[in-house]
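See below for the structure under consideration.
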Amino acid sequence: MDIQQILFIVLSAIAIGCALGVVFSRNPINSVLFLILTFFAISGHYILLNAQFLAVVNIIVYAGAIMVLFLFVIMLMNLNSDTEPQKNWLVQLAGAISGGILFLVLLSALVSATKTLPVMEQGSNDLGLIKNLGKTLFRDYVLPFEISSVLFLSAMIGAIVIGKKEDKFEDVH
Amino acid sequence: MKAIIAATILGVIMMFSSILMKDKKAIITIAALLLAVLLGVNIWDVMATKKGSNFTFLFNNMILISREGLWFNMLMTGCTFLYVLLSGKDIARVGTHTAEYFALIFFILTGVYLLSSYNNLLILFIGIEILSIPQYILAGSDKKNLKSSEAALKYFLMGAFTTGILMMGVTLLYGSTGTFELTRMDFIHQSSVNGMSLAGIIFLIIAFGFKVSAAPMHTWTPDVYDGAPTPFTAFMATIVKSAAFYAFIRLFQNTFGGISNHWTIVLSIITALTLFIGNLTAVFQQSVKRMLAYSSIAQAGFMLFAILSNNAVASQGIIIYAVAYSVATIGMFAVLMKLKDYTYDGFNGLAKKEPVLAFVTTIFLLSLAGIPLTGGFMAKYFVLQAAIMQGQLFWLVIFALLMAAISAYYYFRVIIAMYFKQGNPELHEPLSSGDKFMLALTCVLVVLIGIAPQLFLASI
Amino acid sequence: MNFLLLAAEQNTPFNYLPIALQLLIAVGFVGIMMGATHLLGPKRRTKDKLINFESGIPSVGNARQPMSVKYFLVAILFVLFDVEVIFFYPYAVNFRELGQEGFLAVLMFVGFFLCGFIYILKKGALKWED
Chain A
58 MDIQQILFIV LSAIAIGCAL GVVFSRNPIN SVLFLILTFF AISGHYILLN
108 AQFLAVVNII VYAGAIMVLF LFVIMLMNLN SDTEPQKNWL VQLAGAISGG
158 ILFLVLLSAL VSATKTLPVM EQGSNDLGLI KNLGKTLFRD YVLPFEISSV
208 LFLSAMIGAI VIGKKEDKFE DVH
Chain B
585 MKAIIAATIL GVIMMFSSIL MKDKKAIITI AALLLAVLLG VNIWDVMATK
635 KGSNFTFLFN NMILISREGL WFNMLMTGCT FLYVLLSGKD IARVGTHTAE
685 YFALIFFILT GVYLLSSYNN LLILFIGIEI LSIPQYILAG SDKKNLKSSE
735 AALKYFLMGA FTTGILMMGV TLLYGSTGTF ELTRMDFIHQ SSVNGMSLAG
785 IIFLIIAFGF KVSAAPMHTW TPDVYDGAPT PFTAFMATIV KSAAFYAFIR
835 LFQNTFGGIS NHWTIVLSII TALTLFIGNL TAVFQQSVKR MLAYSSIAQA
885 GFMLFAILSN NAVASQGIII YAVAYSVATI GMFAVLMKLK DYTYDGFNGL
935 AKKEPVLAFV TTIFLLSLAG IPLTGGFMAK YFVLQAAIMQ GQLFWLVIFA
985 LLMAAISAYY YFRVIIAMYF KQGNPELHEP LSSGDKFMLA LTCVLVVLIG
1035 IAPQLFLASI
Chain C
11 MNFLLLAAEQ NTPFNYLPIA LQLLIAVGFV GIMMGATHLL GPKRRTKDKL
61 INFESGIPSV GNARQPMSVK YFLVAILFVL FDVEVIFFYP YAVNFRELGQ
111 EGFLAVLMFV GFFLCGFIYI LKKGALKWED
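Residue numbers (the working numbering), protein chains in the order written: chain A, 58 to 230; chain B, 585 to 1044; chain C, 11 to 140.
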């Protein structure tokens, strides 16, 4: 086992353990903290894959900004009463079965892919570097990049429409 | 392509008009004017391409411009124009952010144009997101109404989950074919038809099934359509749904058409379920708005036939169906917005009080039920004909006809309430002559589609 | 230290070794300090000691009150502009190579964002007092 493999196993263990912590912890604040740890572990994975840009984005946007948003949402909620409704066991069973089926489908997809496919070109090792990613983003994928600004504009309007207090407006009749 | 840019810029203009103007009437007028401009740009787009000309690719093959897609864009913009003219005032009544609502409608139209011309799974993804995110906002725009907030939250959570499934499907397809580009994704070589790509296709069926509210992914539809402000329900149930269907058929007919034997069985089960659940549940509803939500699920079942049958008639059928269904539903919702009481009893005795309103409602309902001489009949005729031509779907066609007969029951219940029951339906305000003219025009359109459907396919 | 210098010349995951080491030391230092004080410090768990400390004044009310939605509005706008900034990293690295075309692409993107920003300001979303 070389060092990369050891790192991979350690990071995977952290990621899976923390992800389970997100689901199982009763306190939502703990869930968020576990989620941050999961993001850090995944960022470590990105670095192992030499996708440095993704690693940085993952930490800045996800572990930084979006988690702050999550904390705000939790503070908006009423956390006084510990009344997490007990789920019906039938619902739990249905969830477990459908989740298991999804897992099997994905597993079989991956198994068949490794058998029949020529290993997808791994690409040169520095595909995920900021420099190469920037070239692809601003040359080949410039249209999705521009169009995503429409998405941001709608999100801004949404923040105003839903989050802002209504001001006085005359009514139409 | 011009239309995509125009819709975005007009959306931004609309956004700023909320800062510059405080008068709601002026905002509605501006929105209608800008939509007319957008319609003009769309017509220009159609005119600029020759009939029967080949596709043009733009932006590294990200976008594929075809005359059929441009024609579809034009029809959908026309429907939106009709929608704003019919229910602009009702949109303004939802809340204080009138200009924003219109801006979001323009952004949704950007998404519609992307979905009619994508040639890359990434553009498909962005298009679906641009289509969905403004909808979540519109669903929750009536902040004082708890049901509206519930609708927005439900729709957002379910929609976000489906986006994940869509992304997963795209990823699996990329993994097995090595490209996002649809025209380069060939499934002729058996090597690329493996568990991975098939799982990807199934994931895409689930994601699209959610967006077009096909059973069993339909559970959000009644709550969201019922809870959202009625003007926006009208928009969601018509133009947005049609666009999602058009994207669905483009992907499954052109790209996955060659391996249809792998997914036809899944989709035909979904179609049968959608028809069954939509029609049967609609029968038991007490509110007309909720009935229309279930009826939109049932209509989605018919539109799924176009995707199943996978031939040239089907792609004409989906366009006719989209237009016929959109126009009739927009009209029906416009009528609903005039009334105070959304239950069946709220329609009692409408024929005596407002004979014009009752008459146009009857035409819209007849079209939705698929009675001859209305658009709905032609639409159903086209898609079922396509299904028969496909050859293996005869059992499903028989089943669909049976379900159409059931659907007549709940549509006719409204007609019976209007004409044969006593009551005093309350309207928000008396109908103006402008309202009457627009409703009559919509009515004429519905009949025109029924008599001369070729007019709406003329230019493809 | 030879291998560190070697690694710095090409872009490999091992470039991040110093960062990983620093992270490890930072987290380890905090963890050890907290654990050590917890273990070594004297403990007297009486009822008075375990009460929440509020500058000696008896605690009043509940700490868990729902906070204003205004924080949320600012936070969500922050996320949007944060994502915008992310797009600048790959552009900045390739600034020269992308030339005029890349510049125009970024200009258009920023232009849309500027429209959104002016809209937000004019709508008073960042105004704290109503």
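We put the beta carbon where it would ideally sit given N, CA and C, even for glycine. Note that this is a predicted model, so its numbers are computed, not measured.
Member of the options whose CA lies at the smallest distance from the CA of residue i
i, options, result
"LEU642(B)", "ARG196(A), SER211(A) and LEU208(A)", "ARG196(A)"
"PRO1009(B)", "LEU1029(B), ASN645(B), PHE948(B) and ASP929(B)", "ASP929(B)"
"GLU139(C)", "HIS48(C), ASN72(C), SER78(C) and SER69(C)", "SER78(C)"
"LEU920(B)", "SER899(B), MET887(B), LEU617(B) and ALA877(B)", "ALA877(B)"
"THR755(B)", "LEU126(A), VAL113(A), ASN145(A) and ALA166(A)", "ALA166(A)"
"LEU1039(B)", "ASN645(B), LEU1023(B) and LEU659(B)", "LEU659(B)"
"GLU94(C)", "PRO28(C), GLY126(C), ILE42(C) and PRO23(C)", "GLY126(C)"
"LEU670(B)", "ALA615(B), HIS681(B) and PHE709(B)", "ALA615(B)"
"PHE97(C)", "LYS188(A), HIS102(A) and LEU106(A)", "LYS188(A)"
"TYR1003(B)", "ARG834(B), LEU980(B), LEU1032(B) and ALA935(B)", "ALA935(B)"
"SER601(B)", "PHE686(B), ALA856(B) and TRP628(B)", "PHE686(B)"
"PHE840(B)", "PRO1014(B), SER781(B), SER880(B) and TYR809(B)", "SER781(B)"
"ALA744(B)", "ASP726(B), GLY784(B) and ALA791(B)", "ALA791(B)"
9 Å Cβ cut-off: residues of chain C touching residue i
i, result
"VAL596(B)", "PHE122, CYS125, GLY126 and TYR129"
"SER169(A)", "Chain C residues near SER169(A): none, gap ~30 Å exceeds 9 Å."
Closer than 9 Å to chain C by CB, residue i
i, result
"THR592(B)", "yes"
"ASN84(A)", "no"
"PHE209(A)", "yes"
"GLU227(A)", "In this prediction, GLU227(A) scores a pLDDT of 44, lower than 50, which makes its location untrustworthy; the coordinate-derived value is nonetheless stated afterwards. Not one chain C Cβ lies under 9 Å of GLU227(A)."
"ILE603(B)", "yes"
"VAL89(A)", "no"
"LYS221(A)", "yes"
"SER69(A)", "no"
9 Å Cβ cutoff, residue i in contact with chain A
i, result
"TYR995(B)", "no"
"ASN845(B)", "no"
"GLY134(C)", "yes"
"ASP7(C)", "There is simply no residue 7(C) to check, as chain C begins at 11 and stops at 140 in what is shown."
"LEU49(C)", "no"
"PHE82(C)", "yes"
"LEU1041(B)", "no"
"LYS586(B)", "no"
"GLU107(C)", "yes"
"MET118(C)", "yes"
"PRO1010(B)", "Note that residue 1010(B) corresponds to Glu in the displayed sequence, not to Pro. Cβ-Cβ to chain A under 9 Å: no for GLU1010(B)."
"LEU31(C)", "no"
"ALA856(B)", "no"
"MET11(C)", "Its pLDDT being 49, under 50, MET11(C) is placed unreliably in this model, and the coordinates cannot settle the point."
"ALA17(C)", "Low per-residue confidence applies at ALA17(C): pLDDT is 47, beneath 50, and the placement is therefore not dependable enough to give any value."
"ILE42(C)", "no"
"ALA687(B)", "yes"
Residues bridged to residue i [DSSP beta-bridge criterion]
i, result
"PHE555(B)", "Past the edges of chain B, shown from 585 to 1044, lies residue 555(B), and the structure says nothing about it."
"GLU765(B)", "ASN704(B)"
"LEU1011(B)", "LEU923(B)"
"SER871(B)", "THR927(B)"
Anticipated Cβ contact below 8 Å, residue i with residue j, distance rounded
i, j, result
"LEU623(B)", "ALA591(B)", "In fact, because the Cβ distance is near 11 Å, the residues do not count as touching under 8 Å."
"MET820(B)", "ALA812(B)", "7 Å"
"ASN845(B)", "THR767(B)", "Going by Cβ atoms, the distance from ASN845(B) to THR767(B) rounds to 22 Å, so no, they are not a contact pair."
"ILE947(B)", "VAL1030(B)", "6 Å"
"ALA898(B)", "ALA906(B)", "So it is not a contact: roughly 12 Å between Cβ atoms."
"VAL867(B)", "ILE982(B)", "With 8 Å as the limit, VAL867(B) and ILE982(B) do not qualify as a contact, their Cβ atoms being about 20 Å apart."
"THR858(B)", "GLY901(B)", "Incorrect: roughly 17 Å between the Cβ atoms, too far for contact."
"LEU68(A)", "PRO23(C)", "Going by Cβ atoms, the distance from LEU68(A) to PRO23(C) rounds to 11 Å, so no, they are not a contact pair."
"ILE710(B)", "LEU698(B)", "7 Å"
Contacts of residue i in chain A (Cβ-Cβ under 9 Å)
i, result
"ILE35(C)", "Those do not exist, as ILE35(C) stays about 15 Å from chain A at its closest Cβ, beyond 9 Å."
Neighbouring residues, chain A, relative to residue i (Cβ below 7 Å)
i, result
"ILE96(C)", "VAL114, ILE117 and VAL118"
"ASN644(B)", "ASP197"
Proximal chain C residues relative to residue i, where beta-carbon distance stays under 7 Å
i, result
"PHE600(B)", "TYR129"
"LEU190(A)", "PRO100"
Minimum Cβ-Cβ distance from residue i to chain E less than 9 Å
i, result
"THR814(B)", "Any reference to chain E falls outside this structure, whose protein chains are A, B and C."
CB contact below 9 Å: residue i versus chain B
i, result
"MET177(A)", "For MET177(A), the predicted model reports a pLDDT of 48, less than 50, meaning its position is unreliable and no value from the coordinates is stated."
"ALA165(A)", "In the sequence as displayed, the identity of residue 165(A) is Ser instead of Ala. Chain B contact via Cβ: present."
Distance cut-off 8 Å: residue i Cβ against heavy atoms of the ligand GTP
i, result
"ALA828(B)", "What this structure holds is no ligand at all, so the ligand GTP is not there to describe."
Residues that residue i contacts on chain B, provided the C-beta gap is smaller than 7 Å
i, result
"GLY212(A)", "Sequence inspection shows Ala at residue 212(A); the Gly mentioned does not correspond to that position. The answer, in chain order, is ILE717."
Closer than 8 Å at the beta carbon, the chain A residues around residue i
i, result
"GLU684(B)", "ILE214, ILE217 and VAL218"
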